[in-house]
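Working notes for the structure below.
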Amino acid sequence: MKEIETYDVVIIGGAIIGSAIAYFLSQLSQFNGRILVIEKDPSYATASTALSAASIRMQFSNRVNVLMSKFGGEFIQNFDQQYAADPDIADLSFIQNGYLFLAETSEQREILTRNAQTQRAAGAETELLTRAELSGKFAMLSLDDNCLGAWGPRGEGWFDNMGLLNGFRTLAKRAGVTYLQDEVIALSLAKNRVSTAHLASGAQVSGVDFVNAAGPRAGQIARMAGIDLPVEARKRTTFLFQAQTPPPSDMPLVVDHSGVYFRPEGQMWICAMHPVDDPEVDHDDFQPRYQEFDDIIWPKLAARSKQFEAIKLRRMWAGHYAYNTLDQNAIIGRHPTVANMILANGFSGHGLQQAPAVGRAVSELICFNQFRSLDLGDLSFERVVNCRPFFEYNIV
Ligand SMILES: Cc1cc2nc3c(=O)[nH]c(=O)nc-3n(C[C@H](O)[C@H](O)[C@H](O)COP(=O)(O)OP(=O)(O)OC[C@H]3O[C@@H](n4cnc5c(N)ncnc54)[C@H](O)[C@@H]3O)c2cc1C
34 MKEIETYDVV IIGGAIIGSA IAYFLSQLSQ FNGRILVIEK DPSYATASTA
84 LSAASIRMQF SNRVNVLMSK FGGEFIQNFD QQYAADPDIA DLSFIQNGYL
134 FLAETSEQRE ILTRNAQTQR AAGAETELLT RAELSGKFAM LSLDDNCLGA
184 WGPRGEGWFD NMGLLNGFRT LAKRAGVTYL QDEVIALSLA KNRVSTAHLA
234 SGAQVSGVDF VNAAGPRAGQ IARMAGIDLP VEARKRTTFL FQAQTPPPSD
284 MPLVVDHSGV YFRPEGQMWI CAMHPVDDPE VDHDDFQPRY QEFDDIIWPK
334 LAARSKQFEA IKLRRMWAGH YAYNTLDQNA IIGRHPTVAN MILANGFSGH
384 GLQQAPAVGR AVSELICFNQ FRSLDLGDLS FERVVNCRPF FEYNIV
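Residue numbers for the sequence shown follow our numbering, so the first one is 34 and each next one is one higher.
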């Protein structure tokens, strides 16, 4: 019989969330346990992390999300400074052109105004701009008379997603974290605790704490521990296109009130939308939905700027949101009954930017049994048990 390897912390899933947790835990001087990250595909070909739009904003509707992204933005900036001379760590090329949310109806304007108050109270610098101010600043946009824009001048924009992932992995490994290429296929429980993870290779590992960082497949891992997690895979197709002229250097990520968004990607642009029909999809279904571009996105782009009237579609890809069907917010913390199962799931499209805050919070939970820097109690699993949603309304 094979010997069972024992670790203090076993992290299932080694993309941005699993690796952020491994990194933060490995940097805590008060923690000296053994950490294992199990990742079934280190190429990350279908991980949400690799397929994301790699953007960060503080423009959320609830305070805790603003604070998490605020820390994310600061972390990314500091990371570049701290590791500038390290040949193994890439510069994250954080382009802080901001997000620009556009509103036209009075209801949309009210929501933007209310959200901006929440954001500013949490330390964001969101500015509300009238149509005249928007036209002066972003001349390429065609705007309706009623238009109001919410723009984040600092700490918002986009960055190198895989650079951050590789940075976390490299630094975690340097600090002694083990990465294992394998797949968790079953979990054994004893006395309401996960005792052993069974792997596709036939190996087994035991641990004191287990972390579910399996992204859109988090529901599968939870089920192995008898937990019903309201997280499912939802498809999002991203399109890369070329316009008549390259993007202006100060162009933000624009979120149209229709739900279509676009931003510069080097000399080109990427765009996507929140699908009207948004069913759960199979975990292996990565077929892009081309019709979204033709039927909805391109007409909206062309209406938003003359520059987009004639464009060339260059590439498209589909990725999966780990969609929390209860309230589109992350679920973070220990499970109330399977207490050594820690959840970091259901990010519903904003997990990349939250990864530093989640890594810090989960490492504190493991090491000190409490959140120390930022209380993420609002995001605990208890709200699922009690069916008390904690909604995030600003989902892109
Ligand atoms: C199109 C798109 C655009 C997005 N845009 C943004 C954005 O602009 N900003 C933002 O903040 N967020 C964005 N997101 C969301 C963000 O990408 C995710 O929230 C984040 O990457 C989640 O990271 P994760 O580590 O939880 O999941 P993933 O990146 O999916 O990683 C999960 C990992 O777990 C592994 N795994 C799964 N099951 C097992 C198993 N049984 N055994 C071992 N390993 C396993 C997988 O192989 C995978 O590598 C976007 C997502 C998509 C799809």
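Where is the CB? At the ideal position from N, CA and C, for every residue including glycine.
Since the model is a prediction, treat every value here as computed from it, not as a measurement.
Between which two residues does the beta strand (DSSP E) containing residue i stretch?
{"i": "isoleucine 144", "result": "Where isoleucine 144 is concerned, there is no enclosing beta strand (DSSP E), although the alpha helix (DSSP H) it sits in stretches over 139–154."}
{"i": "glutamine 386", "result": "Segment 384–401 is the alpha helix (DSSP H) holding glutamine 386; no beta strand (DSSP E) there."}
{"i": "phenylalanine 134", "result": "132–136"}
{"i": "methionine 284", "result": "From DSSP, methionine 284 is part of no beta strand (DSSP E); its letter is neither H nor E."}
{"i": "threonine 270", "result": "264–275"}
{"i": "threonine 211", "result": "211–214"}
{"i": "alanine 351", "result": "345–357"}
Starting from residue i, follow its DSSP beta bridges and name the residues at the other end.
{"i": "isoleucine 45", "result": "Ile71 and Asn245"}
{"i": "proline 297", "result": "Trp302"}
{"i": "leucine 174", "result": "In the DSSP output, where bridge partners are listed per residue, leucine 174 has none listed."}
{"i": "valine 429", "result": "None; valine 429 has no bridge partner."}
{"i": "proline 38", "result": "The sequence given here places glutamate at residue 38; proline does not occur at that position. Answer by DSSP bridge pairing, in chain order: Val238."}
{"i": "histidine 231", "result": "Ala219 and Gln237"}
{"i": "threonine 163", "result": "Leu181"}
{"i": "methionine 374", "result": "Phe243"}
{"i": "isoleucine 260", "result": "Beta-bridge pairing links isoleucine 260 to no other residue."}
{"i": "arginine 367", "result": "Ile375"}
{"i": "glycine 190", "result": "Ile89"}
{"i": "isoleucine 54", "result": "DSSP lists no partner for isoleucine 54."}
{"i": "isoleucine 128", "result": "Trp191"}
{"i": "glutamate 313", "result": "Arg267"}
Determine, using beta carbons only, whether residue i comes closer than 8 angstroms to chain D.
{"i": "cysteine 304", "result": "Although the question refers to chain D, the structure presented lacks it and comprises just one protein chain."}
By a C-beta neighbour count over all protein chains shown, 10 Å radius and 16 as the cutoff for buried, is residue i buried or exposed?
{"i": "cysteine 304", "result": "buried"}
{"i": "glutamate 189", "result": "buried"}
{"i": "arginine 147", "result": "exposed"}
{"i": "valine 264", "result": "buried"}
{"i": "alanine 343", "result": "exposed"}
{"i": "serine 234", "result": "exposed"}
{"i": "phenylalanine 326", "result": "buried"}
{"i": "proline 249", "result": "buried"}
{"i": "tyrosine 426", "result": "exposed"}
{"i": "glycine 156", "result": "exposed"}
{"i": "isoleucine 254", "result": "buried"}
{"i": "alanine 172", "result": "exposed"}
{"i": "proline 120", "result": "exposed"}
{"i": "asparagine 362", "result": "buried"}
{"i": "threonine 159", "result": "buried"}
{"i": "threonine 82", "result": "buried"}
{"i": "isoleucine 49", "result": "buried"}
{"i": "proline 389", "result": "buried"}
{"i": "proline 297", "result": "buried"}
{"i": "cysteine 180", "result": "buried"}
{"i": "valine 418", "result": "exposed"}
{"i": "lysine 224", "result": "exposed"}
{"i": "proline 281", "result": "exposed"}
{"i": "proline 369", "result": "exposed"}
{"i": "aspartate 177", "result": "exposed"}
With respect to the alpha helix (DSSP H) encompassing residue i, which residues constitute its N-terminal and C-terminal limits?
{"i": "alanine 117", "result": "Careful: alanine 117 lies outside any alpha helix (DSSP H) and carries neither H nor E."}
{"i": "methionine 195", "result": "194–207"}
{"i": "lysine 224", "result": "Premise fails: lysine 224 is in no alpha helix (DSSP H) and is neither H nor E."}
{"i": "methionine 257", "result": "251–257"}
{"i": "arginine 337", "result": "331–337"}
{"i": "alanine 83", "result": "81–84"}
{"i": "arginine 416", "result": "415–418"}
Between residue i and residue j, which are expected to be in contact by the criterion C-beta below 8 angstroms, what is the C-beta distance as a whole number of angstroms?
{"i": "alanine 205", "j": "serine 52", "result": "6 angstroms"}
{"i": "glutamine 409", "j": "valine 97", "result": "According to the sequence shown, residue 409 is leucine rather than glutamine. Yes, they are in contact, since the Cβ atoms of leucine 409 and valine 97 sit about 7 angstroms apart, within 8 angstroms."}
{"i": "glycine 392", "j": "phenylalanine 57", "result": "4 angstroms"}
{"i": "asparagine 245", "j": "isoleucine 54", "result": "Wrong, their Cβ atoms sit about 11 angstroms apart, outside the cutoff."}
{"i": "valine 314", "j": "lysine 345", "result": "The Cβ separation is near 28 angstroms, so there is no contact."}
{"i": "proline 66", "j": "valine 42", "result": "In the sequence as displayed, the identity of residue 66 is glycine instead of proline. That belief holds up - the Cβ atoms of glycine 66 and valine 42 are roughly 6 angstroms apart, short of 8 angstroms."}
Considering only heavy atoms of ligand 3, does any lie closer than 7 angstroms to the CB of residue i?
{"i": "glutamine 386", "result": "As for ligand 3, it is missing from this structure, which binds only ligand 1."}
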